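Trainee: Take the sequence shown: its letters are residues 174 to 332, numbered as in our numbering.
Below: one structure in structure tokens.
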Amino acid sequence: MKTDLQQRGNLLCSNLQHRLDVCFEILRSIEQLYATSQTLKQRDFQTFVRPMLQRHPSIYALEWLPYISHAERLSYEQTYGPITENNLQGGIQRAEDRTGYFPVTFIEPLQPNRLALGFDLASDPIRWQSLDQAGQQSTIVVSQRIELVQDPDQGLGFW
Numbered sequence: 174m175k176t177d178l179q180q181r182g183n184l185l186c187s188n189l190q191h192r193l194d195v196c197f198e199i200l201r202s203i204e205q206l207y208a209t210s211q212t213l214k215q216r217d218f219q220t221f222v223r224p225m226l227q228r229h230p231s232i233y234a235l236e237w238l239p240y241i242s243h244a245e246r247l248s249y250e251q252t253y254g255p256i257t258e259n260n261l262q263g264g265i266q267r268a269e270d271r272t273g274y275f276p277v278t279f280i281e282p283l284q285p286n287r288l289a290l291g292f293d294l295a296s297d298p299i300r301w302q303s304l305d306q307a308g309q310q311s312t313i314v315v316s317q318r319i320e321l322v323q324d325p326d327q328g329l330g331f332w
């Protein structure tokens with residue numbers, strides 16, 4: 174019985190590790206896409222990531238969020254729309270002034286996730302902790318469990 178339980182545990186761990194490896198490889202692929210061109214649009218992002226999402230239905234969404242300095246904010250917002258954050262009433266508002274932002278610029282699938290566009294992930298402490306750790310360590314990190322901006326009542330996930 175102990176051996177059977179141990180085998181099932183090993184299988185679950187192996188399966189989880191494989192899924193994480195796939196996700197990390199997808200993230201590295203997106204990183205390389207942006208390393209080759211600084212002029213990509215939502216359509217380019219969509220074309221690149223849609224097949225990955227179709228092959229891996231456990232991935233809820235893929236996003237691109239560049240660092241935008243405060244000096245770049247006006248230009249960014251003229252092109253992509255407002256940079257936003259959550260307010261105390263549970264709604265979305267234009268983000269307060271900060272030295273920098275990490276707004277969701279592209280997201281796929283777009284339609285069910287449109288509300289996340291422009292959301293500054295650095296405005297949320299849990300997301301900021303992961304962004305900061307990833308930047309300091311130059312590596313991929315997984316956040317604590319988060320509420321999804323596009324579905325705060327139902328959507329729990331990891332970033």
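Glycine included, each C-beta is placed from N, C-alpha and C at the ideal position.
Every value quoted in this text rests on a predicted model; they were computed, and no experiment measured them.
Is it right to say residue 210 is buried, meaning 16 or more other beta carbons lie within 10 angstroms of its own, or is it exposed?
Mentor: exposed
Trainee: Taking residue 213 as the reference, which of 179, 257, 303 and 239 has the closest Cα?
Mentor: 239
Trainee: With respect to the beta strand (DSSP E) encompassing residue 257, which residues constitute its N-terminal and C-terminal limits?
Mentor: 257–259
Trainee: For residue 272, count neighbouring Cβ atoms within 10 angstroms of its own Cβ and tell me buried if that reaches 16, exposed if not.
Mentor: exposed
Trainee: Among 235, 250, 185 and 276, which one has its Cα closest to the Cα of residue 292?
Mentor: Of all alpha-carbon atoms in 235, 250, 185 and 276, the one lying nearest the alpha-carbon of residue 292 is that of 276.
Trainee: Take the Cβ of residue 187 as the centre, count every other Cβ of all protein chains shown within 10 Å, and call the residue buried at 16 or more, exposed below.
Mentor: exposed
Trainee: Taking the straight line between their C-alpha atoms, what separation do you get for residue 223 and residue 282?
Mentor: 7 Å
Trainee: Compare the Cα-Cα distances from residue 216 to each of 236, 200 and 230 and report the closest residue.
Mentor: 236
Trainee: Less than 8 Å between the C-beta atoms of residue 265 and residue 234, yes or no?
Mentor: The answer is no: Cβ separation not under 8 Å.
Trainee: Under a Cβ-count criterion, where at least 16 other Cβ atoms within 10 Å of its own Cβ denotes burial, should residue 220 be classed as buried or exposed?
Mentor: exposed
Trainee: Report the option in 200, 204, 263 and 307 whose CA atom is closest to the CA atom of residue 295.
Mentor: 307
Trainee: Taking just the CA atoms, how far does residue 309 sit from residue 231?
Mentor: Cα to Cα, residue 231 sits roughly 28 Å from residue 309.
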